[in-house]
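Heads up: the structure comes next, in structure tokens.
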Amino acid sequence: MLFAYILRRMVWAVPLLFAVSLIAFALISAPPGDYITSFAATLSQSGDIVDQARLDALRERYGLDQPFIVQYFQWITGVVQGDFGISFEWQQPVGQLIWERMALSVTLALSTLVFTWAVALPIGIYSAVRKYSIGDYIFTTIGFIGLATPNFLFALVLMYVAVAYFGADVSGLFSQQYQDAPWSFAKLVDLAKHIWIPVVILGTSATASLVRVMRANLLDELHRPYVTTARAKGLSEWRLILKYPVRIAINPFVSTIGWAFPQLISGAVITAFVLSLPTAGPLMLQALLAQDMYLAGAFILLLCCLSVVGMLVSDILLAVIDPRIRFR
Amino acid sequence: MTAEIDPRASSQSPEDFASQWRLIWFAFRRHRLAMTGVVIVLLFYFVGAFAEILAPYDPNSASSKDIYHPPQMVHFIDYDDDNGWSFGPYVVAMNAERDPFTLQTTYTESPDEKIYLDFFAKGQPYELWGIIPMERHFLTTEDPNQRFFLIGADRLGRDMLSRTIYGTRISMSIGLIGVSMSLLLGLILGGISGYWGGRVDMLIQRVVELVISLPTIPIWLGLSAALPQDWSPITRYFAITIILSLVAWTELARVVRGRFLALRTEDFVTAARLDGCRPRRVIFRHIMPSLVSHIIASVSLAVPVMIIAETSLSFLGLGLTPPTISWGVLLKEAQNVRTMSQAPWLFAPGAAVCIAVLALNFLGDGLRDAADPYAQDNN
């Protein structure tokens, strides 16, 4: 039964991924003109002679004169085989440019998710069990402020505070000496030292909404008869709460991977730009502005796929822990 | 005919014979945070509506001798030398000094020099809403040749307060217009989906799922990068609004569909259908009224999302662009650490974003609780 559900869900992801790739390609071919036009503009700006024949040759080489569907088909067959095309701006295969950045993006998103859970779960339980206590009010207030602050603003303020009061630079993911160094244990430690700042910035709003969900759900459960029964039987309070109501209230936590993941990836683009992190966001932004279509397309496609996969994982996890879903 | 009085009807509490709207209002009024939210939100829209009057200066008038002028405090009571006092708001003038080596400008107060302010004094002429010519500002200097900066000036010596006030107009309105557009989309598609069900519902739900599973910011960035650069500010404004609402309608569509599905099987809807009402009448006359309160609540929660989205896009330089002034456009100026440590008051629009979003969230939460007939009454 569970297996059938997982299979069904995975089969459904295929047309979804197809649609996503179509959207990604439509987005990158939407701007009027193409890279060659902006390339020609740069050339003539710097005083070079623009050779029309050379432009046409370039256009033909990259297949930019073909109709949309043909271009899409060429692109997607390449992508399936692992070839994302060529970045016009960097004059390098896109594949060489993106993977390290994508890996860092995924690391960032996953660490943020773990942080969010680790913080939201205890606070949510505390807020529900000690409803209207001072602690509850403090967490609720912080949560509201966290929800209302755009990620990039939070990042800016944090950077300002760090520079103005501590004289520290909090941007980037690595110290200078590790920036171009090959991967080693020391570099990993260095990453861990830097990553918590973007993690906190990204995780705050998701944590805030998770705490609210957890608190509301647990409040609904705490007055159920089974809780009273368990209490009457003499179970210790904390064990009782953790064992029964929390288990039911925790469902939305799992389903949040579904919506939190796209949100984290989204939010990471801007935060990464502000903190100049070596993740996918800033390079994608640059590529979009320069009309470097294959590079931008690869990032959009991969980020979208990442959220589709996140959604898939959350649905499967949810089915595993909650039998009501897989039998529907 | 003897009138039999129902004993339940005899109690005189106003809640017993109030309409649904009055009930919502009663519940809402008790929600203190939500009431505060309403006041603040109305204030923001008021500021946006009368930006020209409230702003001391034209937001684009630059002044080369006031670059990064720090904020000044308004003093309301003016003491003169022989201990007498009078009411007269003023600010203490600041003089710029340039360090000959670092070329950095520092401002120092010169306590003897007072710049007097006046309410509704004549200042730079302007046209209210682009039509009514006026020249009085809510608070400006008595001497039109002097300038004052309540929250500082930017890199061209433009008054940040005026710019933030004008930004309020664009940022707050983009939230409203964007939400109305996504409401329209959400109502139509969610309504169709929930009312007819079956295959249409299936199709629309798949589209909704697709849109929800996409990370919004890359999509928004891609779409806005696709806008031609040579569009006029107003065209760009509407294009950005449409882009924002293209992604934001799904949540509303889901709410509407859910309510439609629930209401479709209600007795009163079946009765209307059996009476021969056509779908349009069933939808607008019978189903819609019980949907409205939910929709209003979701709308008020969608506005802050829009505002944050616009701010983020403009901040990255892909949303609105100068000469349009929005909070995001203003925050773009505060992008690097050097500027920030030199002129932290460039964050002011950010504070405006936070307060507006917070107030809208409180308002939306209160509305949602008040509109829910099954909400437990905590009082």
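Chain order of the listed sequences is A and B.
Once you know that position 102 of the first sequence is 102 in the numbering used here, the rest is easy, because the numbers rise by one and skip nothing.
Position in the second sequence counted from 1, then plus 1000, gives you the numbering used here.
We put the CB at the ideal spot given by N, CA and C, even for glycine.
Keep in mind that this is a model prediction, so the values were computed, not measured.
First through last residue of the beta strand (DSSP E) which encompasses residue i
i	result
B:Lys1122	1105–1128
A:Phe185	A:Phe185 -> not in any beta strand (DSSP E); alpha helix (DSSP H) instead, spanning 185–222.
B:Asp1078	1075–1079
B:Leu1139	1132–1141
Residue i versus residue j - alpha carbon distance
i	j	result
B:Phe1149	B:Phe1347	15 angstroms
A:Leu153	B:Asp1267	50 angstroms
A:Arg9	A:Arg59	41 angstroms
B:Ser1182	B:Ile1192	15 angstroms
B:Pro1071	B:Val1357	25 angstroms
B:Gly1364	B:Val1299	8 angstroms
B:Trp1327	B:Ser1312	9 angstroms
A:Pro337	A:Leu312	Nothing can be reported for residue 337 of chain A: it is not among the residues displayed for chain A, which extend from 1 to 328.
B:Leu1291	B:Arg1022	16 angstroms
A:Ile195	A:Ser307	21 angstroms
B:Val1038	B:Phe1044	10 angstroms
B:Ala1239	B:Glu1127	26 angstroms
B:Arg1136	B:Ile1040	25 angstroms
A:Phe185	A:Leu104	16 angstroms
A:Ile123	B:Gln1205	34 angstroms
A:Val14	B:Leu1210	12 angstroms
A:Thr37	B:Gly1130	38 angstroms
A:Gly95	A:Gly85	8 angstroms
B:Ser1019	B:Ile1355	33 angstroms
B:Ala1297	A:Leu191	43 angstroms
A:Val11	A:Val309	12 angstroms
B:Ala1051	B:Asn1145	21 angstroms
B:Trp1025	A:Phe174	54 angstroms
B:Ser1245	B:Val1179	6 angstroms
A:Gly143	A:Leu219	17 angstroms
A:Asp315	B:Leu1360	32 angstroms
B:Val1092	B:Asp1078	11 angstroms
B:Val1207	B:Arg1264	22 angstroms
Residue from the options with nearest C-alpha to residue i
i	options	result
A:Arg239	A:Val94, A:Ile195, A:Ile125, A:Leu2	A:Ile125
A:Asp141	A:Leu97, A:Thr107, A:Thr112, A:Val211	Note that residue 141 of chain A corresponds to Thr in the displayed sequence, not to Asp. Nearest of A:Leu97, A:Thr107, A:Thr112, A:Val211 to A:Thr141, Cα basis: A:Val211.
A:Ala155	B:Ala1253, B:Ala1334, B:Ile1240, B:Ser1110	B:Ala1334
B:Ala1351	B:Ile1077, B:Val1200, B:Ile1165	B:Ile1165
A:Ile300	A:Ser314, A:Val200, A:Pro282	A:Pro282
B:Ile1212	B:Gly1258, B:Leu1252, B:Ser1232, B:Ala1225	B:Leu1252
B:Ile1234	B:Gly1366, B:Arg1257, B:Leu1320, B:Arg1259	B:Leu1320
B:Ile1177	B:Met1306, B:Val1207, B:Thr1250	B:Met1306
B:Arg1236	B:Gly1317, B:Leu1263, B:Met1073	B:Gly1317
B:Glu1109	B:Ala1225, B:Asn1095, B:Thr1250	B:Asn1095
B:Phe1260	B:Pro1228, B:Arg1278, B:Trp1196, B:Ala1226	B:Trp1196
B:Ala1121	B:Ile1053, B:Arg1163, B:Phe1362	B:Ile1053
A:Ala208	A:Gly146, A:Pro150, A:Ser314, A:Ser111	A:Gly146
A:Ala298	A:Ser44, A:Ala4, A:Ala57, A:Pro93	A:Pro93
A:Ala118	A:Asn151, A:Ile250, A:Gln71	A:Ile250
A:Asp292	A:Ser111, A:Pro225, A:Phe18, A:Ser29	A:Ser29
B:Thr1324	B:Arg1169, B:Ala1309, B:Ile1295, B:Ala1343	B:Arg1169
B:Gly1258	B:Asp1275, B:Gly1276, B:His1294	B:His1294
B:Phe1087	B:Glu1097, B:Arg1098, B:His1075	B:His1075
Contact belief for residue i with residue j at Cβ below 8 angstroms, rounded distance in angstroms
i	j	result
A:Ala280	A:Leu264	About 12 angstroms separates the two Cβ atoms, so there is no contact after all.
B:Pro1056	B:Leu1161	6 angstroms
B:Arg1254	B:Gly1190	7 angstroms
B:Tyr1068	B:Ala1153	6 angstroms
A:Leu2	A:Ala319	6 angstroms
A:Val79	B:Leu1214	About 17 angstroms separates the two Cβ atoms, so there is no contact after all.
A:Val254	A:Leu317	5 angstroms
A:Ala290	A:Leu222	About 55 angstroms; that fails the 8 angstroms criterion.
B:Ala1370	B:Phe1046	With 8 angstroms as the limit, B:Ala1370 and B:Phe1046 do not qualify as a contact, their Cβ atoms being about 23 angstroms apart.
B:Ser1061	B:Gln1124	7 angstroms
Residue range of the alpha helix (DSSP H) that includes residue i
i	result
A:Phe139	134–148
B:Val1179	1160–1196
A:Pro15	2–29
A:Asp315	293–321
A:Ala280	280–289
A:Asn151	151–161
B:Lys1332	Premise fails: B:Lys1332 is in no alpha helix (DSSP H) and is neither H nor E.
B:Arg1273	1267–1274
At least three beta-carbon pairs within less than 8 angstroms, the stretch 1286–1295 of chain B to the stretch 1267–1276 of chain B: yes
Taking 8 angstroms as the threshold, find out whether the stretch 1100–1117 of chain B comes into contact with the stretch 1139–1148 of chain B through three or more Cβ pairs. A contact exists between the stretch 1100–1117 of chain B and the stretch 1139–1148 of chain B.
Is it a yes or a no for the stretch 1302–1322 of chain B touching the stretch 1206–1225 of chain B, going by three-plus beta-carbon pairs under 8 angstroms? yes
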